[in-house]
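A.B. asks: The structure's right below; bear with me while I get my questions together.
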Amino acid sequence: MSDPEPLLGWLQNWYAQQCNGDWEHEWGVKIATLDNPGWTVSIDLEETGLEERKYPRQEINRATQDWVWTWTAEKTFHAACGPGNLTEALTLFRTWATTIAP
0 MSDPEPLLGW
10 LQNWYAQQCN
20 GDWEHEWGVK
30 IATLDNPGWT
40 VSIDLEETGL
50 EERKYPRQEI
60 NRATQDWVWT
70 WTAEKTFHAA
80 CGPGNLTEAL
90 TLFRTWATTI
100 AP
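Take the sequence shown: its position 51, counting from 1, is numbered 50 in numbering that gives the first Met the number 0, and each next residue is one higher.
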């Protein structure tokens, strides 16, 4: 099954939808590298439809360089992952962000 919208395109659209002339001056999406090696992702949820939603810490550890940790804290979605897991981490965010909260 292929995604109806490519992941990066979806993230760009999600970001653009949050931009209202104010939000983007205070908050945003940050993707950086880690030195172990890997990636870190911080997606600000403040003043978005997701700001009150919780994402319990999830740790997927497969191998030294094949892992993904995700969680929310202080109205921010966080992910840290191995060097080949950035797509997986962003997909976890998209799945959570597009799932209707119970």
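We put the CB at the ideal spot given by N, CA and C, even for glycine.
1. Would you call G27 buried or exposed, if buried means 16 or more other Cβ atoms sit within 10 Å of its Cβ?
2. With DSSP run on the structure shown, which of helix, strand or coil describes W9?
3. Once you ignore the five residues that flank L85 on each side, which residues in its own chain have a CB closer than 7 Å to its CB?
4. A88 and C80 - do their beta-carbons sit closer together than 7 Å?
5. For a quick check, are the C-beta atoms of E46 and W22 less than 7 Å apart?
6. Looking at C-alpha atoms only, which residue of R52, G83, A78 and D34 is the closest neighbour of A62?
7. How many angstroms separate the CA atom of M0 from the CA atom of R93?
8. Closer than 6 Å by C-beta to A31: which residues in its own chain qualify, once you throw out the five before and the five after it? Chain order, please.
C.D. replies: Inspection of the coordinates gives the following:
1. exposed
2. helix
3. W38
4. yes
5. yes
6. G83
7. Note that M0 scores 47 on pLDDT, short of 50, meaning its location in the model is unreliable; the coordinates nonetheless yield the value given after this. If you take the alpha carbons of M0 and R93, they lie about 16 Å apart.
8. T39
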